[in-house]
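Below is one structure, written out as structure tokens; the observations come after it.
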Amino acid sequence: MTTTSTASSASTPGTTLVIGATGTTGSRTAARLTAAGHRVKAASRHATPVPGAEAVRFDWYDAATHAAALDGADRVYLIPPLGDPDPAEVMLPFLRRARTAGVHRAVLLSSSAIPEGGPAVGTVHRALPGLFDQWAVLRPSWFMQNFTGTHAHAVSIREDGIIATATGTGRVGFVDAEDIAAVAVHALTDEDAPNTDLVLTGPEALSYDDIATITTEVTGRPVVHRPLSYEQMRDRLAALMPLEFASMLAGLDRAIAEGAEDRVTDTVQRLTGRPARTFRALLERQRP
């Protein structure tokens, strides 16, 4: 796939509905779209103001919020409802409504760990090409931002100097959320939609031991990786969320231990024209 020129992208008309516009990738996608001159409807449960965008209230589980959010939009960036093991139940009726309302391009945020037709959002992935002629599914690896801000790993790093996982020595092509957003903008605005799924990674595959080492080197604070069993990880997560979702997340850790995420792709470079950012560069820019 070739990258459409900036001039061509910037001239694309239309309004993009960004669902989850205050979240990790949604906020960055909305910011990049508005900075490039695109019209954006920034959707969140409380219609939180977003600079340069029209804030609208949106709740996946409140269909009464859907029509106003879709009004005037011709493309949509989709963040599935957080923690829902079966998001298709609410997402597919919304997507059919979106198509009827005039949306012609949909870009879905999924995960490198979930294939088309797989569990959770994999069902929505499978349905998307039948709903829209122009579409893309972003399947990023695990976010580098999991180690900064308010994520549980970041809190554990700050408070205890520990990263606890059931990943063993498995490696992950951690990706910067800024790179995900950059690809999302291209997928939403380039003249030709990708019409495929895009696996997004950073430039290197790192184990959680590597993450701990780099974090120690950049921050000067000792950080170690504490390996847990699948059962220990599941029970730890179940204290914070429903058991079914905790089991799924712990299972993803186990898959990492078995090598499922040990890969890197050139997708960020191909679509944005620049290399994906490294974890060390992220930490130097944004400390845990």
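Following my numbering, the numbering of the sequence shown begins with 58 at its first residue and continues without gaps. Backbone N, C-alpha and C define an ideal beta-carbon position, used for all residues, glycine too. Note that the coordinates shown come from a computational prediction; the quantities given were computed from them, not determined experimentally.
Sheet register partners of residue i (DSSP bridge)
i	result
Val-194	Leu-165, Asp-254
Leu-386	Here the chain covers residues 58 to 345 and nothing more, so residue 386 does not appear.
Leu-74	Lys-98, Val-133
Leu-263	Val-229
Pro-284	Thr-222
Phe-200	Val-232
Val-113	Ala-100
Burial state of residue i, where buried means 16 or more other Cβ atoms lie within 10 Å
i	result
Val-256	buried
Glu-341	exposed
Arg-278	exposed
Ser-65	Because Ser-65 sits at a pLDDT of 36, beneath the cut-off of 50, its placement in the model cannot be relied upon, and the point is left open.
Gly-187	exposed
Glu-318	buried
Gly-316	exposed
His-210	buried
His-103	exposed
Leu-339	buried
Tyr-118	exposed
Leu-328	buried
Gly-83	buried
Asp-190	exposed
Thr-207	exposed
Ala-87	buried
Ala-120	exposed
CA nearest to the CA of residue i, picked from the options
i	options	result
Ala-234	Ile-219, Arg-334, Pro-279, Ala-250	Arg-334
Gly-129	Ala-99, Pro-106, Thr-322	Ala-99
Glu-173	Asp-323, Val-194, Leu-127	Val-194
Leu-309	Leu-328, Ser-198, Thr-79	Ser-198
His-95	Pro-106, Thr-105, Gly-71, Val-107	Gly-71
Leu-294	Leu-139, Leu-306, Ala-126, Asp-190	Leu-306
Ile-220	Ala-314, Asp-292, Asp-236, Tyr-265	Tyr-265
Arg-196	Asn-203, Gly-230, Ala-223, Phe-204	Gly-230
Ala-158	Leu-185, Ala-126, Ser-168	Ala-126
Thr-91	Gly-80, Val-107, Thr-82	Val-107
Leu-74	Val-275, Leu-297, Leu-165, Val-147	Leu-165
Pro-138	Asn-203, Glu-288, Gly-77, Ala-241	Gly-77
Ala-303	Val-232, Glu-274, Arg-283, Asp-292	Asp-292
Run of the alpha helix (DSSP H) containing residue i, from where it starts to where it stops
i	result
Arg-311	300 to 314
Glu-216	209 to 217
Leu-188	179 to 188
Pro-279	Note, Pro-279: premise wrong, no alpha helix (DSSP H); not H, not E.
Gln-326	324 to 329
Arg-85	81 to 92
Val-321	Note, Val-321: premise wrong, no alpha helix (DSSP H); not H, not E.
Ala-338	336 to 342
Glu-146	145 to 158
Leu-127	123 to 127
Are the region 138 to 150 and the region 105 to 115 in contact at 8 angstroms, needing three or more beta carbon pairs?
Under the three-pair Cβ rule at 8 angstroms, the region 138 to 150 does not count as touching the region 105 to 115.
Inter-stretch contact (C-beta, 8 angstroms, three-pair minimum) for the region 239 to 248 and the region 207 to 218:
Using a C-beta cut-off of 8 angstroms, the region 239 to 248 makes no contact with the region 207 to 218, since fewer than three inter-stretch Cβ pairs fall below that distance.
Tell me whether the region 320 to 340 and the region 253 to 269 touch, counting them as touching only if at least three CB pairs, one residue from each stretch, are closer than 8 angstroms.
With the rule of 3 Cβ pairs closer than 8 angstroms, the region 320 to 340 counts as touching the region 253 to 269.
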